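One structure is given here, and the rest of the page talks about it.
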Amino acid sequence: MSYLIPTTLEDALDALSGPVPVAVIAGGTDWFPAQGERAYGGTLLDVTRVAGLRGITPHHDGWRIGAATTWSDVLHADLPRAFDGLKQAAREVGSVQIQNAGTVAGNLCNASPAADGVPPLLCLDTEVELSSLRGVRRVALGAFIAGVRQTLRAPDELVTALYIPPLPAGARGGFTKIGGRKYLVISVAMVGAVLELSSGRIASARVAVGAASPVAQRLEVLEQALVGADLAGALDQVTPARLSTLSPISDVRGSAEYRGEAVAEAIRRTLKLIMEGPSHG
Ligand SMILES: Cc1cc2nc3c(=O)[nH]c(=O)nc-3n(C[C@H](O)[C@H](O)[C@H](O)COP(=O)(O)OP(=O)(O)OC[C@H]3O[C@@H](n4cnc5c(N)ncnc54)[C@H](O)[C@@H]3O)c2cc1C
C-alpha cells in the first residue's frame, strides 16, 4: 500500500488523475472500518494536510466549509443560529475522538442513509464543490448523494468544499437524533430543520429527515404547511400524509412502523426545540 499526504491541491488532484484508482481518506473513520479484515493493497490519498481545505469561513454573504473540516471544528466555530442543527449533529457524531478526526465532507461522501450531517446540511441548502484537473463544479447536496453509498463524484474528483448560500436573517436551526441509546449510536431516524420565525409564527421552514429513505430528503409538503403556524399549529401539521415521501425500512435498529413514528416524534421535538428556544443570543 502507498500512502500519499499532499500539501497542495494541485498535487492531490494530480494523484487522482492517473489511470490507477486511488482511495481518498480524510479522518478515515468511515473508510477504515469499511475495510474489515481485508488488507488494502492500493494507494491511499490523505487530504487532511492539503492547504486551504480545513476551516469554516464567510463567503459571499454565505459560508464555506472546507472539505477537511472536522466535526470538532464545526462545534468550535462561531456561526449564526441557522447552524445550530449542524452543531447539534456534530455533538452527536460518535465520540469526541471521532469528532476530532471525522470530517463533514467525509460524512457526505460516505453516503450512508444514517449519516447525521446530511439532514442539517440539506436544510442549509448546501452545495458540494468538486475539483479535478478538468475543472471545478458545484452540485446541490440533494443531487450529490445519488443513492445508498453512491455519489456523483467522479474517480478523479475531490470534494474540496461545501458552500452554504446566504441565510434568512434570524433563521434558527435544530436537530434531533433518535437512537437506541443517547451516545455512540447509529441513528434510527434524525431530523434537521431551519425555521425563520416572525412574532412566534413560522415565516419559512426547511425540514429534512435521514435514515427513513435511501437518501435523506427535504419534506417540501410539510415545509409549506408549516408556514404561518405557531408552535401548537406546527405540531398539528406533522401528519402521516405529509411524511409519505419517506420509505422507512425494518432492520436491526427498528421496524419500519417504529421508524415512521420516530420520524414524526423527531420532527415535533425539533420544531419545539427551535420555537421554544431563546429568541436571541
Ligand atoms: C465509532 C464510530 C462512531 C461513529 N458515529 C457516527 C455517528 O454517530 N453519526 C454519523 O453520521 N457517523 C458516524 N460515524 C461515521 C464517521 O465517523 C462519519 O461519517 C465521519 O464524518 C466520516 O468522516 P471521515 O473524514 O472520517 O471520512 P473518511 O472515512 O475519511 O471517508 C469517508 C468516505 O468519504 C470519502 N472522502 C472523504 N473525504 C473526501 C473528499 N474530500 N473528497 C472525496 N471523497 C472523500 C472517502 O473516500 C470515503 O469513501 C462513526 C464512525 C465510527 C468509527
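Note that this note's numbering numbers the sequence shown so that position 148 is 164, with each residue one more than the last.
Backbone N, C-alpha and C fix where the C-beta goes; we use that ideal spot for every residue, glycine too.
The structure displayed is predicted, hence computed values, not measured ones.
{"Check": "Status (buried if at least 16 other CB within 10 Å, exposed otherwise) for I283", "Outcome": "buried"}
{"Check": "Beta carbon proximity, R154 to chain B, threshold 9 Å", "Outcome": "Reference to chain B is not applicable here, since this structure consists of a single protein chain."}
{"Check": "Residues bridged to A39 (per DSSP)", "Outcome": "L60"}
{"Check": "7 Å CB neighbourhood of V63 in its chain, flanking five on each side removed", "Outcome": "A28, V40, A42, L69, A83, A84 and L174"}
{"Check": "Residue(s) in a DSSP beta bridge with H75", "Outcome": "G78"}
{"Check": "Contact the stretch 152 to 168 vs the stretch 182 to 195: 3+ CB pairs below 8 Å", "Outcome": "no"}
{"Check": "Near ligand 1: G118 beta-carbon under 8 Å from a heavy atom", "Outcome": "yes"}
{"Check": "Close Cβ partners of Q115 (< 6 Å) along its chain, the five nearest in sequence each way excluded", "Outcome": "W87, S88 and V109"}
{"Check": "Buried versus exposed call for L289 [16 or more other C-beta atoms within 10 Å across all chains shown]", "Outcome": "buried"}
{"Check": "Sub-9 Å separation of S266 and R275 beta-carbons", "Outcome": "yes"}
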